[in-house]
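Residues in the sequence shown are numbered from 5 upward in steps of one, following this note's numbering.
Even glycine gets a Cβ: it sits at the ideal position worked out from N, Cα and C.
Here is the structure we will look at.
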Amino acid sequence: MLTRPDVAIVGAGPVGLAIAWRCATRGLRVAVHDPAPGSGASRVAAGMLAPVAEAYFGERELTGLLTASAARWPDFAAALAAATGREFGYRTDGTLVVGLTGDDLAEARRLWSYQQGLGLPISALRPSQLRDREPALTPRLRGGAVAPGDHQVDPRRLVDALRVAAERAGVTLVPGPVTRLAELAAPVVVVAAGCGAAALTGLPVRPVKGQVLRLRAPDHRPPGFRHVIRGYADGESVYLVPRDSGEVVVGATVEERADTEVTAGAVLRLLRAAVDLVPELAEYALVEATAGLRPGTPDNAPILGPLPGRPGVLAATGHHRHGIVLTPVTADLITDLIVTGEPDPLLTPFTADRFH
Ligand code: GLY
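Okay, here's the thing in structure tokens:
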């Protein structure tokens, strides 16, 4: 156990562990505090790396950060694989956006037209082109688009790999909870505690509930489709993330609630939309239904960098729907800030002082 680390990190989710790993490889002594590593939002997350399909109206700065982080993913994944010898479900098959009815297609097209207007790589496909790529899609589809640069990773395996990488680099994992930052004897403290950041720092981070299902293909075969599918089906929005193991993650509700109860209505709506889009999913086993809490902020963007009036305390939280895709850029920006003392200009729109 370290007597006095250079950096104490609160939270052993992907963001906290990636910062720890990066800092340790730059020669810093690092301790990460978490009573249950990897048990927060990342345990529920589907792992879409989707800067294009998740570029929403009114979030231009955030879209820039998502794009910057997605561009770092190939090197980040290669470095993590080299450091650990682990595989963590990083796949680059691309994402199909699909609309079931005419209204669904109109809604999807409105968003992808906006994304195209930003210069993002997404192109319309006819129903026959969609089904050429994924014959498992229903023939009832009215149309859609492909975002070839939107990829995926398995967040649970990612956390396992990051933990191995961090420990191999000399990071100490401290299993106790942190209730006050003053408990931590380190010159730099990073709060990467997801929703828990609010109680520790007073930052405007609120829980946003997401209910998610996990299905499994019969006989543990790989699912009958390889792309991530983001669908609109009779007014429901759903995403389907296939994994080589046979798992398909079906998500997700977005609810302004702080409980983690799974409701029958949400399961019904998610399953109905999923089976409407990919009929073979009706034959899959339903193996898990969970709910997690995304750390949301008033502008849906993360809070990164120094906390005003709290010398030595840095925030790396508020990643809301984007914690997995934003892990590499968050780790790089926070680590560089700690090592050099110089904030990267990419941080400027995301610092906590925008809320003062
Ligand atoms: N990024 C997907 C979600 O938060 O549901």
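Check: If I measure Cβ to Cβ from R137 and keep anything under 8 Å in the same chain, skipping five residues before and after, which residues do I get?; Outcome: L100, L129, V150, H231
Check: What are the boundary residues of the alpha helix (DSSP H) that includes E259?; Outcome: Run containing E259: none; DSSP gives neither H nor E here.
Check: Give the list of continuous beta strand (DSSP E) stretches no shorter than 3 residues that lie fully inside the region 274-334.; Outcome: 289-300, 307-311, 314-321
Check: Going by C-alpha to C-alpha distance, which of T71, G239, L351 sits closest to D280?; Outcome: G239
Check: Output the boundary residues of the beta strand (DSSP E) element that contains T265.; Outcome: This sequence places Glu at residue 265; Thr is not what is there. Element bounds for E265: n/a, residue is neither H nor E.
Check: Leaving out five residues on either side along the sequence, give the residues of the same chain with a beta carbon under 6 Å from the beta carbon of P283.; Outcome: T142
Check: In chain order, what residues of the same chain have a beta carbon less than 7 Å from the beta carbon of R218, not counting five sequence neighbours either side?; Outcome: E251, V253, V291, E292
Check: Smallest Cα separation from I338: which of L311, D164, G147?; Outcome: L311
Check: Is DSSP giving E105 helix, strand or coil here?; Outcome: Per the sequence presented here, residue 105 reads as Thr, with Glu not at that position. Three-state result, T105: coil.
Check: Within a Cβ cutoff of 6 Å, which residues of the same chain sit near A256, ignoring the five residues on either side of it in sequence?; Outcome: G214, V216
Check: Taking 7 Å as the line, does the beta carbon of R47 fall inside it for any heavy atom of the ligand GLY?; Outcome: no
Check: Taking 8 Å as the threshold (C-beta atoms), are V163 and P18 in contact?; Outcome: yes
Check: Have a look at I342 and L308 and give me their C-alpha separation to the nearest angstrom.; Outcome: 12 Å
Check: Just checking R298 against the ligand GLY - is the residue's beta carbon closer than 7 Å to any of the ligand's heavy atoms?; Outcome: yes
Check: Enumerate in chain order the residues of its own chain whose CB-to-CB distance from F359 is below 7 Å, with the five nearest sequence positions on each side excluded.; Outcome: P208, P302
Check: Drop a sphere of 10 angstroms on the beta-carbon of S117, count the other beta-carbons inside from all chains shown, and report buried for 16 or more, exposed for fewer.; Outcome: exposed
Check: Excluding the 5 residues flanking V248 on each side, which residues of the same chain have their C-beta closer than 6 Å to its C-beta?; Outcome: According to the sequence provided, residue 248 is Asp. The question's Val does not apply to it. If we look at D248 and ignore the five residues flanking it on each side, its Cβ neighbours are P226.
Check: So the candidates are V168, L204, G200; which of them puts its Cα closest to the Cα of L185?; Outcome: L204
Check: Comparing alpha-carbon positions, which option in P349, A22, A319 lies nearest V168?; Outcome: A22
Check: Given 7 Å as the limit, tell me if R247 has its C-beta closer than that to any heavy atom belonging to the ligand GLY.; Outcome: no
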